[in-house]
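Read left to right, the sequence shown gives residues 0 to 214 (numbering that gives the first Met the number 0). Below is one structure, written out as structure tokens; comments come after it.
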Amino acid sequence: MNSSATSRFQVFSGNEAEATTIRNDESLMARLQGGDKEAFGILFQRYVKLVHRICERILRDDTEAEDLTQDVFLFIERKCRIFDRSKSSARSWIVQMTYHRAFERRRYLVSRHFYTRENLEESGSSVLGKRLVEADYSPEAVFGRNGLNKILESLSEEQRETLRLHFFDGYTLSEISQKLGEPLGNVRHHYYRGLDRLRKQMFGNNVPTEQRHGK
């Protein structure tokens, strides 16, 4: 994300030393819900790269991703009071709100014929393709709306945890490998095996080969 986009939020950013101290994300969300701009600045610094990465993955356009990243953080500031720490972590809520806004923007761009190819390549994230509800964003709710609860029960613990960390906490496969202390090859195996099962549950045998393998 370029410096001009980041500068729009400089007014909210605390000094770098304070932003890097150990602070609980949920506590920062509580402060933000009370109107604390400094808390917003710290959350922005922590999550701007992750939010931009998700926006870029879904929109497939750098300029649109940068614009949407700024929109997401304005949305987070405006809608922070719907966050409920009993449903998810602050990180997971930010990730899900990012998906919510990104898929909305993507649908708009498709309706405006922004993309040149008729059949857009779907990202792995489209497995959770039904519209998110702002106030109902827990993993159980999202999977339940997509009718995936039963198939989730059939996944191995490693597959479930890998998919949860990727889709709901926004970690890359490399980051998941480090977090779980597993070789990257194993994490990739858990991810693609679990993703194949979810896609088959949603689409049956009509899933293109390239989608089955996350390409």
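All C-beta atoms, glycine included, are put in the ideal place defined by N, C-alpha and C.
C-alpha gap between residue i and residue j, whole angstroms
i	j	result
Gly169	Asp66	19 Å
Leu73	Tyr46	13 Å
Cys54	Ile93	12 Å
Asp35	Met96	20 Å
Leu216	Leu162	This structure gives no information on residue 216, because the portion of the chain shown stretches from 0 to 214.
Val109	Arg52	20 Å
Arg77	Arg56	24 Å
Ile75	Ile81	10 Å
Arg196	Glu160	14 Å
Phe113	Thr68	18 Å
Ser91	Arg111	30 Å
Phe61	Glu181	Reading off the sequence, residue 61 comes out as Asp, not Phe. Approximately 32 Å, taken between the alpha carbons.
Ala64	Tyr98	12 Å
Ala89	Gln44	14 Å
His189	Cys79	33 Å
Thr171	Glu152	23 Å
Gly33	Glu156	38 Å
Leu154	Leu179	17 Å
Ser26	Arg187	33 Å
Pair within 9 Å by beta-carbon distance, residue i and residue j
i	j	result
Ala217	Leu49	What is shown of the chain runs 0 to 214, which leaves residue 217 out entirely.
Asp24	Leu42	yes
Leu164	Ala101	no
Ser173	Asn185	no
Leu84	Met28	Just to set this straight, residue 84 is Arg in the shown sequence, not Leu. Going by C-beta atoms, Arg84 is nearer than 9 Å to Met28.
Ser87	Phe167	yes
Arg192	Gln158	yes
Residue i burial status per 10 Å Cβ neighbour count (16 or more: buried)
i	result
Arg198	buried
Leu183	exposed
Gly40	buried
* Jot down the residue ranges of each uninterrupted alpha helix (DSSP H) in the region 149-208, minimum 4 residues, whole runs only, in chain order. => For the region 149-208, the full-length alpha helix (DSSP H) segments reaching 4 residues or more read 156-166, 172-179, 183-202 along the chain.
* **Whole alpha helix (DSSP H) elements within the region 13-67, 4-residue minimum** => Every alpha helix (DSSP H) of 4 residues or more that sits fully in the region 13-67 is shown, in chain order, as 15-18, 24-32, 36-58.
* Where are the alpha helix (DSSP H) runs, 4 residues long or more, that stay fully inside the region 82-122, in chain order? -> Entirely contained in the region 82-122, the alpha helix (DSSP H) runs reaching 4 residues are, in chain order, 89-110.
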